[in-house]
Ligand code: 2AM
Ligand code: CA
């Protein structure tokens with residue numbers, strides 16, 4: 506077999522070190538800047554409702570990350586929260602357009618904007634890189650705790666250089682489970698309340714911290730047993746999904762379908778309690 510044939514069989518050779526280095530640099534720089542601006546927000550704007558906030562810091566951080574990425578990889582596409590109109594339709598369209606390129610960076614400059622605005626120290630910068638629709642790199646940085654989570658496809662996931670591993674709970678009754686309350690309250694709130702009501706008596710306790718990305722990172726690191734939320738976008742979850750997969754956990758749609766970048770309703774667990782969680786969610790939707 507010739508070397509050329511071998512090469513043809515290998516669709517790409519990821520120089521992942523440089524992708525990872527750029528992602529870490531972007532997340533760290535943007536995170537430091539965001540933190541330095543906390544408490545100084547001048548322009549508090551709403552998107553679709555009084556709960557859907559955006560600040561000049563979200564926009565500035567996204568601009569900073571976009572510039573850095575494009576300096577290194579001018580041919581790559583970027584899907585960022587602040588570059589897309591609110592709502593599921595605009596989000597789906599933007600994802601489709603971005604995926605016309607092989608390499609797509611998926612960024613959420615401030616995940617947990619409401620927390621950020623209120624000074625509740627649970628927000629993050631989330632950056633993922635997808636190749637032909639598959640997530641190959643994920644970085645989540647929490648500036649409040651100076652914690653950086655990173656995963657590379659097939660190479661594991663780490664926080665502070667230490668490998669992350671999902672928790673060992675085998676049943677829901679031993680589990681600490683997180684969720685979030687979708688901002689699209691009009692259509693999603695009843696579904697969310699039913700699920701919450703069904704879950705609460707079955708688990709050790711429930712948390713709702715307000716950053717999808719950080720909740721996913723915490724599942725990866727074994728600090729939470731599971732997390733589910735409906736009505737999310739690719740930029741909220743892409744990096745966290747890879748972190749969990751590389752930490753031995755499982756991520757699907759809340760119906761149990763495999764995760765793809767299009768999934769908006771997410772169930773992420775340590776693996777062991779996945780089916781039990783999905784069953785409670787399914788039963789609650791009656
Ligand atoms: P954000 O802070 O980047 O907007 C909290 O439940 C989670 O939902 C956060 O990750 C938050 O991300 C996300 N979120 C907030 N508003 C949203 C909206 N309009 N649509 C989808 N997700 C949203
Ligand atoms: Ca977000």
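Numbering (the numbering used here), first residue to last: 506 to 791.
Yeah, the Cβ is synthetic: ideal placement off N, Cα and C, and Gly gets one too.
Taking every protein chain shown into account, the CB of residue 757 has 16 or more other CB atoms within 10 angstroms, so this residue is buried.
Residue 609 and residue 675 have their C-alpha atoms roughly 36 Å apart. DSSP, reduced to helix, strand and coil, places residue 572 within a helical segment of the structure shown.
Contact check between the stretch 747-762 and the stretch 706-713: fewer than three CB pairs, one atom from each, fall below 8 Å, which does not count as touching. Taking C-beta atoms under 8 Å as the contact rule, residue 546 and residue 622 qualify, at a distance of about 6 Å.
With three or more CB-CB distances shorter than 8 Å, the stretch 716-735 counts as touching the stretch 639-650. Just so you know, the alpha carbons of residue 754 and residue 523 end up roughly 26 Å apart. Taking the Cβ of residue 741 as the reference point, at least one heavy atom of ligand 2 falls within a distance shorter than 6 Å. Residue 630 places its beta carbon 7 Å or farther from that of residue 525.
By the C-beta criterion, the stretch 598-606 is judged not to be in contact with the stretch 679-693, since fewer than 3 inter-stretch pairs fall below 8 Å. Of the residues 651, 788, 695, the one whose Cα lies closest to the Cα of residue 736 is 695. Ligand 1 has no heavy atom closer than 6 Å to the beta-carbon of residue 725. Between the beta-carbon of residue 783 and that of residue 700 there is about 11 Å, and that puts the pair past the 8 Å contact cut. The shortest CA-to-CA distance from residue 563 to any of 592, 578, 532 is the one to 532. Our two residues, residue 767 and residue 773, have alpha carbons roughly 15 Å apart in a direct line. CA-to-CA, the gap between residue 658 and residue 678 works out to about 31 Å. Distances between the C-beta of residue 651 and the heavy atoms of ligand 2 are all 6 Å or more.
Non-local beta-carbon contacts of residue 597 in its own chain, meaning distances under 8 Å to residues more than five positions away in sequence, involve 767 in chain order. Distances from the CB of residue 716 to the heavy atoms of ligand 1 include at least one below 6 Å.
In terms of Cα proximity to residue 611, the closest of 587, 654, 618 is 587.
Here residue 734 is actually not in contact with residue 718; their C-beta atoms are around 11 Å apart, not less than 8 Å. Within the DSSP secondary-structure output, residue 578 pairs in no beta bridge. Counting only the Cα atoms, residue 573 lies some 8 Å from residue 527. Around the C-beta of residue 705, fewer than 16 other C-beta atoms lie within 10 Å, and the residue is accordingly described as exposed. Assignment of residue 560 by DSSP, reduced to helix, strand and coil, places it in the strand class. The continuous beta strand (DSSP E) containing residue 551 extends over residues 549-551.
Of all alpha-carbon atoms in 715, 652, 751, the one lying nearest the alpha-carbon of residue 665 is that of 652.
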